[in-house]
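The structure appears below as structure tokens.
So, in structure tokens, the structure goes:
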């Protein structure tokens, strides 16, 4: 099969190209019009499928309480955003409940992860959180100070699919061996939900931490006498920085500054979407978290009765549109931030680019990044098929 468009995102340019797809792989990229095509997408944007590495849930459920039925529903919904890869992101919750959910996620990845968006693994955003205000909406009652044993417990529960771990490094009290252990096991380590000083972040980075969780949110800010966590995210050129670029979690100017600081290779756009995504504006009770969340007209959730952000309802294609067309982030930086950068951060080298011998996971968008069609494993995804 050959598809083409006058705007294919290839080698960091939107340009006329043809893409040859055989089975689930891209087997060639050619000049526009060279061969007879099966589908001509005209002026539509054709780009690698999007990857949302920080994504908790949708439609009243999330990874913390994942069932096989819901995971199927979730993986079949996400292609409507152009998302072809994601992580099941867990946050602080009773350990015994997390173990059940992790087993469900691991089983789904092993046996059923072939019908919709690929769940690449588990992102443990909690419960390795700080004790201070930077923990945000995460429940301190379920905080765990990580060690090698706990990492193995979570990874075993997830059938070996724990691939991204967030840690508040100040909670380690100067012993960074758990970061060393995660790195040795092939897991990527992020710094987040932390009130750490710059010097503590420096130690964590030197031990192998490679990313910063939703930069600006849930972390000690930049001050000219104490650069803090935000300062560390900006300072370390080899580290990646996630960003919820929606104008609510992060001001558009702040997002633009971070994008310029990290450049086209280390900036990652995320949704941080939680269970309220897909639900109507109003108050929604969450029995699993023991609280209510209020969804406002701007598409953001707050813990009811407070100004504490409790996750977003946003779609990744909408985040991408906002980043480029409102926050003014350079197009290449923004497009890389939802495709190749998260893949490189995770150490995955067979998707995220329109390139020969890469997975044929492809998204087609109108201007404004409204999804037209999504290819997964070389086939147009149709829900229920």
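Numbering (the numbering used here), first residue to last: -6 to 378. Glycine included, C-beta positions come from ideal geometry on N, C-alpha and C. Since this is a predicted model, take the numbers as computed values, not measurements.
| Is the number of C-beta pairs between the segment 259 to 267 and the segment 235 to 247 that are closer than 8 Å three or more? | yes
| 8 Å Cβ cutoff met for residue 322 and residue 249 | yes
| message | Checking the sheet assignment: what are the DSSP bridge partners for residue 155? | response | 115
| request: Use the C-beta contact count for residue 222: other C-beta atoms within 10 angstroms, 16 or more gives buried, fewer gives exposed. | output: buried
| said: Tell me the rounded alpha-carbon separation between residue 83 and residue 341. | reply: 21 Å
| Per DSSP, residue 136 forms a beta bridge with which residues? | The partner list for residue 136 (beta bridge, DSSP) is empty, contrary to what the question assumes.
| message | Please report the straight-line C-alpha distance between residue 101 and residue 157, rounded to a whole angstrom. | response | 18 Å
| What are the start and end residues of the alpha helix (DSSP H) that includes residue 388? | Outside the displayed range of the chain (-6 to 378) lies residue 388, so it cannot be described from this structure.
| field | Residues of its chain near residue 32, where Cβ-Cβ distance is below 7 Å and the 5 sequence neighbours each way are ignored | value | -4
| DSSP three-state call for residue 230: helix, strand or coil? | coil
| said: Using 8 Å as the threshold, is the C-beta distance between residue 115 and residue 81 below it? | reply: yes
| said: If you reduce the DSSP assignment to three classes, tell me which class residue 105 lands in. | reply: coil
| query | Do you know whose CA, among 213, 334 and 339, lies nearest residue 346's CA? | reply | 334
| said: Beta-carbon within less than 7 Å of residue 91's beta-carbon, same chain only, minus the 5 sequence neighbours each way: which residues are those? | reply: 57 and 83
| request: Quickly, what does DSSP pair residue 262 with across the bridge? List them, please. | output: 236
| request: Go through its chain and collect everything with a Cβ distance to residue 7's Cβ below 6 Å, but skip five positions before and after it. | output: 0
| message | Just to confirm the assignment: which complete alpha helix (DSSP H) runs, minimum length 4, are found wholly within the segment 191 to 233? | response | 191 to 199 and 221 to 228
| query | Based on the DSSP output, what are the partners of residue 88 in its beta bridges? | reply | Answer is none; residue 88 lacks a bridge partner.
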